[in-house]
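**Student:** Got a structure for you, written out below as structure tokens; questions coming shortly.
Numbering (the numbering used here), first residue to last: 5 to 351.
Below is the structure:
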């Protein structure tokens, strides 16, 4: 039912659909001279592309919904830890974002002014709830299900890559890889996609909230025209400005990274797992420890046994093991590179 081959083919078809769909819509809009506002663009992206891709996969493959999408209930304290993880990794993601702007353009800055024209709660639903739910089901649940025979490291990296691919631009791709791989690891720890949904929502909602708060502060000390000018100017910062931002954010990130690490270690312990050796385990073995180890006094012994079993069977299984880099995945990578470079050149 699940396989690397199917997972890679799904990625290729999804990215191709995203690109062709966007190009077709852009052609129709330009030809008919239609105006697509912020709301329409988000709804088309999340419902017409992301959610529809998930629904199509489930209908075509006839996969069982709950185990395939990893819809397992998450405990309250685990959910709170996930919120803490989200806040503690945000500075690091910002560092990657700013660093990438030395080489490529920030493709989402242009939407900032449009966001402020709508009510806060409405924007939260569009930019935080929808992406958190639909994108996590697409790039976490379905990837994990198809890569369950691969190691935790491979599964997390492929999930991060796919998460980067669906953003269709280099700037977001770079920090999306890190964000996606981390959220995949958290899903494997908790065996619940809700953990990644919480992290994703927290990051997006926090960014949106800071934007609105900044807008309120600026409005309090200046007129609206000045505000618009400030925000418009911030879309294309100079290298000197980027360097200052990078230094400040790096110091900020260095403070919060240890906190993120400790929170992840806490989440591992609460779910009867340990960090050491976890990336070498097959994904399904690592996730099973969450349930099987609860009856044992020392779950570290379970991790040790699982690693020994993996090392023992690896020489026999390696001949049958399918390469992760199947033609569909290589085609997906090539399609993304070509399309994102064209977008970067035209912008």
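By construction, the Cβ of each residue, glycine as well, lies at the ideal position given by its N, Cα and C atoms. Owing to the predicted nature of the structure, the values given are computational and were not obtained by experimental measurement.
What residue ranges within the segment 161 to 197 form continuous alpha helix (DSSP H) runs of no fewer than 4 residues, ordered along the chain?
**Tutor:** Complete alpha helix (DSSP H) runs here, min 4: 174 to 194.
**Student:** For chain B, find out if any of its Cβ atoms is closer than 8 Å to the Cβ of residue 292; answer yes or no.
**Tutor:** The chain labelled as chain B is not found in the depicted structure, where only one protein chain is given.
**Student:** How would you write the range of the alpha helix (DSSP H) that residue 83 sits in, first residue to last?
**Tutor:** Here the question's residue 83 lines up with position 79 in the chain shown. Run containing residue 83: 80 to 104, per the alpha helix (DSSP H) assignment.
**Student:** If you count every other CB in all the chains shown that lies within 10 Å of the CB of residue 39, and 16 or more means buried, which is it?
**Tutor:** Along the chain shown, one-based indexing puts residue 39 at 35. That one is exposed.
**Student:** Report the option in 197, 190, 162, 193 whose CA atom is closest to the CA atom of residue 181.
**Tutor:** Counting from one through the chain shown, the residue named residue 181 turns up at place 177. When only C-alpha atoms are compared, the closest one is 162.
**Student:** Any chance the segment 189 to 203 sits against the segment 82 to 90, with 3 or more Cβ pairs inside 8 Å?
**Tutor:** Yes: the two stretches touch, three or more of their Cβ pairs being nearer than 8 Å.
**Student:** Measure from the alpha carbon of residue 77 to the alpha carbon of each residue in 201, 164, 338, 221, then state which is nearest.
**Tutor:** The residue given as residue 77 occupies position 73 in the chain shown. Nearest C-alpha to residue 77: 201.
**Student:** Going by other Cβ atoms of all chains shown within 10 Å of its Cβ, with 16 needed for buried, is residue 54 buried or exposed?
**Tutor:** Along the chain shown, one-based indexing puts residue 54 at 50. So residue 54 counts as buried.
**Student:** Rounded to whole angstroms, what's the CA-CA distance from residue 58 to residue 224? Just pull it up for me.
**Tutor:** For this step, residue 58 is matched to residue 54 along the chain shown. For this step, residue 224 is matched to residue 220 along the chain shown. So the alpha carbons of these two residues sit roughly 44 Å apart.
**Student:** Considering only C-alpha positions, which residue in the set 70, 31, 271, 346 is nearest to residue 81?
**Tutor:** Looking up residue 81 in the chain shown gives position 77. For residue 81, the nearest C-alpha among the options comes from 271.
**Student:** If you draw a straight line from the alpha carbon of residue 23 to that of residue 346, how long is it in whole angstroms?
**Tutor:** Translated into the one-based positions of the chain shown, residue 23 becomes position 19. Translated into the one-based positions of the chain shown, residue 346 becomes position 342. Between residue 23 and residue 346, the C-alpha separation is close to 12 Å.
**Student:** Give me the Cβ distance between residue 64 and residue 151, rounded to the nearest whole Å; I'm assuming they're in contact under 8 Å.
**Tutor:** Along the chain shown, read from residue 1 onward, the residue named residue 64 stands at position 60. Along the chain shown, read from residue 1 onward, the residue named residue 151 stands at position 147. No, residue 64 and residue 151 are not in contact; Cβ-Cβ is about 19 Å, not under 8 Å.
**Student:** Taking only three categories from DSSP, how would you classify residue 330?
**Tutor:** Here residue 330 refers to the residue found at position 326 when the chain shown is read from its first residue. It is coil, neither helix nor strand.
**Student:** Report all residues from its chain with a CB closer than 8 Å to the CB of residue 41; omit the five preceding and five following residues, and keep chain order.
**Tutor:** In the chain shown, counting from the first residue as 1, residue 41 sits at position 37. For residue 41, where only same-chain residues beyond five positions count, the Cβ hits under 8 Å are 118.
**Student:** At what residues does the alpha helix (DSSP H) containing residue 34 begin and finish?
**Tutor:** Indexing the chain shown from 1 puts residue 34 at position 30. From DSSP, the alpha helix (DSSP H) with residue 34 extends over 8 to 36.
**Student:** Taking all protein chains shown into account, do 16 or more other C-beta atoms lie within 10 angstroms of the C-beta of residue 15, making it buried, or fewer, making it exposed?
**Tutor:** Counting from one through the chain shown, the residue named residue 15 turns up at place 11. Answer is buried; the Cβ neighbour count reaches 16.
**Student:** Going by beta-carbon coordinates alone, are residue 190 and residue 203 separated by less than 8 Å?
**Tutor:** Indexing the chain shown from 1 puts residue 190 at position 186. Indexing the chain shown from 1 puts residue 203 at position 199. Contact flag set, yes.
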